Structure formats: C-alpha cells, structure tokens
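This report refers to the structure that appears directly beneath it.
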Amino acid sequence: MLAINWELYKSNKIKFYASAAIKLGRNKTGKQINGKLFNLKTKYTNEKKKVTDDYLKSRLEFNREKFEKEFEEKTKERENKMDLEHEKLRMENERMIKQIELDHQLRMAELEFKYNNKNT
C-alpha cells in the first residue's frame, strides 16, 4: 500500500495514515496506523542492522585474517631477501679478504725475491 500511495505518503503523512486506516477498516485510527508502521519500520531497521552488523563483522574478520596473512608473507619475503643480501655481502667480504691476503702474499714474495737478488 505504501508503494501505491508513495506520493501521498511523501506529501501528507497524516492524510496517508487516515486513508490507510479507512482502507484497512479494522476500526483503527490514522494514529494507530502511524504507530504500527513506525514499529514495523523500526523492527525492519533493527533486523537489517543486525544482519548488516553480522555481515560487517564477518567481513572485518576476513579482512583482518587476510591482512595478517599477507603481512606475514611479506615479512617472510622481506626477511628472506635481507638474508640473501647479507649472505651476498658476507661472501663478497670473504672474497675481498682472500684477495687482500693473496695480494699481500704476492707482494711479500716479490719483495723477498727482490731482496734476495740484491744480496747475491
């Protein structure tokens, strides 16, 4: 009935409630119809809110779990990447130390050879 008389409901609610009371005919007044519709609207709103709240809670929980999982994966990925970089740096340092040791040994051998040739 509300859908049929939407224009009347929007423009003059008191007249709409009186018209609805006459059409329903159950010895109801416009004020009683208003109260009944208000109660139905409140009930609908509360039920919708409850359904929406449950939906939003489940979505929030899903999003939280998804975020935590993604965060954990990205953290592991970042840690693995850092571990690889540290390993590369460690290997590069070892290579450089070995190169310095070999250069030092070579230089010492050259100096020793030079010294031995001078004295002979």
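To convert a position in the sequence shown, counted from 1, into the working numbering, add 43.
The beta carbon of each residue, even a glycine, is placed where N, CA and C say it ideally should be.
Just so it is clear, the structure is predicted and the values come from calculations on it, not from any experiment.
- In or out: I76 buried (at least 16 other Cβ within 10 Å) or exposed? buried
- Item | Alpha carbon of E155 to alpha carbon of R138, nearest angstrom | 25 Å
- Query: Taking C-beta to C-beta, are K84 and K71 nearer than 9 Å?
  - Reply: no
- Beta-carbon contacts of K58 that lie in its chain and below 7 Å, excluding the five residues immediately before and after: L51
- Query: In whole angstroms, what is the alpha-carbon distance linking K124 and F110?
  - Reply: 21 Å
- Task: Tell whether a beta-carbon distance below 9 Å holds between G73 and Y60.
- Result: yes
- Query: What three-state label does DSSP hand N82 in the structure shown?
  - Reply: helix
- Starting from K58 and walking both ways along the alpha helix (DSSP H), at which residues does that stretch end? 56-67
- Closer than 6 Å by C-beta to K157: which residues in its own chain qualify, once you throw out the five before and the five after it? Chain order, please. none
- Task: Assign A152 to one of two classes, buried (16 or more other C-beta atoms within 10 Å of its C-beta) or exposed (fewer than that).
- Result: exposed
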